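This report refers to the structure that appears directly beneath it.
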Amino acid sequence: KTKCLKRRPPQQIYSKFGSLPIVAEKSASAGHSRNASTQNLQTMQHYRPHILQKLAEVSEPRCLYKPSKTTSQCEAVPSDSEKSISICNNLSELLMAMQDELDQMTMEYQDLLNQRKETESQSVCENIECELEHLVKKMEIKGEQISKLMKHQDNVRRL
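Under full-length UniProt numbering, residues 1 to 159 are what the sequence shown spells out, in order.
In structure tokens, the structure reads:
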């Protein structure tokens, strides 16, 4: 069995929320387009249908609370409902960032599949296969993280 090629070390993501337990790696290939609204996932449907099923499960509507901050609200001590709205907004932002990461992984997966189709070298093809397997594991983990965050967000909404 071939060994996977080592990639760049993962980068920890930082935001206004502080250190997050999410890992983002830079793509091995250049040229990802973030504005691709639709993606051809027929190959993924064929090879990994369970991932698409999980993705469909986590693609539920996001928190719809919108903050309505005024200067007086910023200076005053926030009420419990304002805290809940703020927490929900923060969770929504985090959820969108995680879903964007999953979208990026999906595009990288598609790129790797295309590279594998175009490659004639058996060793390069095996390396791509290894990268695909690694990426699928990362996508599954990201899907689980999104599911957990959505459940937590629902619990916060109920409070």
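Even for Gly, the Cβ is constructed at its ideal location relative to N, Cα and C.
The structure presented is a predicted model; accordingly, all values stated were derived computationally and were not measured.
Practice task
In angstroms with no decimal places, state the Cα-to-Cα distance between Leu132 and Glu120.
Solution key: For the purposes of this step, residue 132 is identified with residue 132 of the sequence shown, where counting begins at 1. For the purposes of this step, residue 120 is identified with residue 120 of the sequence shown, where counting begins at 1. Roughly 17 angstroms separates the two Cα atoms.
Practice task
Please check the pair Lys142 and Leu95, which I expect to be a contact at CB under 8 angstroms, by giving their CB distance rounded to whole angstroms.
Solution key: Along the sequence shown, one-based indexing puts residue 142 at 142. Along the sequence shown, one-based indexing puts residue 95 at 95. Not really, about 12 angstroms apart at Cβ, beyond 8 angstroms.
Exercise for the section: Give a yes or no on whether the C-beta atoms belonging to Leu149 and Met105 are separated by under 8 angstroms. Expected result: In the sequence shown, the residue the question calls residue 149 occupies position 149. In the sequence shown, the residue the question calls residue 105 occupies position 105. Not a contact, by the Cβ cut-off of 8 angstroms.
Handout entry: Alpha-carbon spacing of Ile85 relative to His152, whole angstroms
Key = Reading the sequence shown from its first residue, position 85 is the one you call residue 85. Reading the sequence shown from its first residue, position 152 is the one you call residue 152. If you take the alpha carbons of Ile85 and His152, they lie about 14 angstroms apart.
Handout entry: Cα-Cα separation, Gln99 to Val156
Key = On the sequence shown, position 99 is the one that residue 99 refers to. On the sequence shown, position 156 is the one that residue 156 refers to. Approximately 19 angstroms between the Cα atoms of the pair.
Problem - Residue range of the alpha helix (DSSP H) that includes Leu149 - result: For this step, residue 149 is matched to residue 149 along the sequence shown. Start and end: Gln122 to Arg158.
Exercise for the section: Report the residue from Asp154, Glu82, Glu129 and Ile87 whose alpha carbon sits nearest the alpha carbon of Asp111. Expected result: Here residue 111 corresponds to residue number 111 of the sequence shown, with the count starting at 1. That would be Glu129, whose Cα lies nearest to the Cα of Asp111.
Exercise for the section: Consult DSSP for Thr106 and reduce its assignment to one of helix, strand or coil. Expected result: In the sequence shown, the residue the question calls residue 106 occupies position 106. Helix.
Problem - Pairwise C-alpha distance: Ser123 and Leu91 - result: The residue given as residue 91 occupies position 91 in the sequence shown. The residue given as residue 123 occupies position 123 in the sequence shown. Going from the Cα of Leu91 to the Cα of Ser123 covers about 43 angstroms.
Exercise for the section: Report all residues from its chain with a CB closer than 6 angstroms to the CB of Arg158; omit the five preceding and five following residues, and keep chain order. Expected result: Along the sequence shown, read from residue 1 onward, the residue named residue 158 stands at position 158. The answer is none, since no qualifying residue turns up.
Exercise for the section: Compare the C-alpha of Ile146 against each of Ile87, Ala97 and Met107 and name the closest. Expected result: As a first step, residue 146 must be located in the sequence shown, where it is residue number 146. When each option's Cα is compared against that of Ile146, the closest is Ala97.
Exercise for the section: Closer than 6 angstroms by C-beta to Gln73: which residues in its own chain qualify, once you throw out the five before and the five after it? Chain order, please. Expected result: Stepping through the sequence shown from its first residue, residue 73 is reached at position 73. With a pLDDT of 38 at Gln73, under the threshold of 50, the modelled position of this residue cannot be trusted; read the value that follows with caution. Cβ neighbours of Gln73 beyond the five flanking positions: none.
Handout entry: Own chain residues within Cβ distance below 6 angstroms of Gln115, not counting five before or after
Key = As a working mapping, residue 115 is identified with position 115 in the sequence shown. The beta carbon of Gln115 sits closer than 6 angstroms to the beta carbons of Ile128 from its chain, once the five residues preceding and following it are set aside; these are given in chain order.
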